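Remarks on the structure that follows.
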Amino acid sequence: GIGTLCSTTVNFPAYKSTIPLLNMPCTMRDAAHVARQLGQHYLWIDALCILQNSKEDWEQHASCMHTIFANAWLVISVDATSDCSSGFLSSR
Numbered sequence: 001g002i003g004t005l006c007s008t009t010v011n012f013p014a015y016k017s018t019i020p021l022l023n024m025p026c027t028m029r030d031a032a033h034v035a036r037q038l039g040q041h042y043l044w045i046d047a048l049c050i051l052q053n054s055k056e057d058w059e060q061h062a063s064c065m066h067t068i069f070a071n072a073w074l075v076i077s078v079d080a081t082s083d084c085s086s087g088f089l090s091s092r
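For the sequence shown, full-length UniProt numbering begins at 1 and goes up steadily by one.
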């Protein structure tokens with residue numbers, strides 16, 4: 001959605017080194033939390049790993065998306081939230 005944290009040709013060089021967790025919408029933070037709790041050091045989020053303003057980057061990633069998901073240790077699909085800022089973890 002509009003205002004969602006995403007990578008572009010402008011900000012990607014800075015994002016390659018770090019993206020502050022507090023800058024992430026809740027859903028991305030929740031995914032990072034799950035990955036960390038499961039001992040994973042890497043997290044692939046399409047909005048961050050694909051340059052959103054580059055048709056060429058989209059085409060390149062789209063052509064290998066099946067490989068990305070097939071080789072994933074874990075896939076988190078969040079479809080029960082209204083937007084990226086809602087998060088998917090809740091207190092029990």
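For every residue, glycine included, the Cβ atom is placed at its ideal position computed from N, Cα and C. If you're wondering where the values come from, they're calculated on a predicted model, not measured in any experiment.
- Straight through space, the alpha carbons of SER63 and ASP57 are spaced by roughly 10 angstroms.
- Spatial neighbours of VAL34 in its own chain (CB-CB distance under 7 angstroms, excluding positions within 5 residues in sequence) are listed in chain order as ILE76.
- Taking C-beta separations shorter than 8 angstroms and ignoring five residues to either side along the sequence, the partners of LEU43 in its chain run ALA31, ALA32 and ALA35, following chain order.
- Pairing GLU59 with LEU21, the inter-Cα distance amounts to about 28 angstroms.
- Nearest C-alpha to HIS41 among SER86, HIS61, ASP83 and ALA72: ALA72.
- Residue burial is scored here from C-beta neighbours: MET65 has fewer than 16 other C-beta atoms within 10 angstroms and is therefore classed as exposed.
- In summary, THR27 is buried, with 16 or more beta-carbon neighbours lying within 10 Å of its beta-carbon over all protein chains present.
- Cβ-Cβ distances below 8 angstroms link ILE45 to MET28 and ALA31 in the same chain, with the five nearest sequence neighbours on each side left out; the list follows chain order.
- VAL10 and THR81 have their C-alpha atoms roughly 29 angstroms apart.
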